[in-house]
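Under the UniProt record's numbering, the first residue of the sequence shown carries the number 1, and numbering increases by one thereafter.
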Amino acid sequence: MQTSPILGITMRTARYRYTEWVHFNFTTWEPDYQRVKQRELYMHPEDRYEHFNKADDPQHSVRKLVEELSEKLRAGWLGARNRYLHAIGSD
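Right, dumping it as structure tokens:
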């Protein structure tokens, strides 16, 4: 059985670092977001040394945050930039 490589894709904000470890196809250069192996969420500045991964915290507010960050991560930096510019009326 051949396994696909796993790639960590990360985004950082002033408050969070969020990572999804996903299967990655190096032929098409596409991450397979349907096959997420692991998630990491660190709350900055409270946990600046990233000792406490909160991604699997059952608290509703954390689950919602993970969903929001995952959506932004998948849209990529260009999508996030375009939404920001649209929100502030500069597009």
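Cβ atoms here follow ideal geometry from the backbone N, Cα and C, with glycine treated the same way.
Identify the continuous beta strand (DSSP E) that holds residue i and give its terminal residues.
i: Thr19; result: Tyr16 to Asn25
i: Lys37; result: Glu30 to Met43
i: Gly8; result: Ile6 to Arg12
Looking only at C-alpha atoms, which of the options sits nearest to residue i?
i: Val66; options: His44, Tyr16 and Pro45; result: Tyr16
i: Asn53; options: Glu20, Arg83, Arg74 and Leu7; result: Glu20
i: Leu7; options: Arg35, Thr13 and Ala14; result: Arg35
i: Pro45; options: Gly89, His86, Ala14 and Leu85; result: Ala14
Among the residues of its own chain, which have a CB less than 6 Å from the CB of residue i, if the five just before and after it don't count?
i: Tyr42; result: Arg17 and Glu50
i: Glu40; result: Thr19, Asn53 and Ala55
Keeping to the same chain, check which residues put their C-beta closer than 7 Å to that of residue i; ignore five residues upstream and five downstream.
i: Met1; result: Unreliable placement is indicated for Met1, whose pLDDT of 49 sits below 50; the coordinate value is still reported in the next sentence. The answer is none, since no qualifying residue turns up.
i: Asn25; result: Ser4 and Asp32
i: Leu73; result: Ile9, Met11, Tyr18 and Glu20
Under 8 Å Cβ to Cβ from residue i, same chain only, skipping five residues before and after it: list those, please.
i: Glu30; result: Phe24
i: Gly79; result: Lys72
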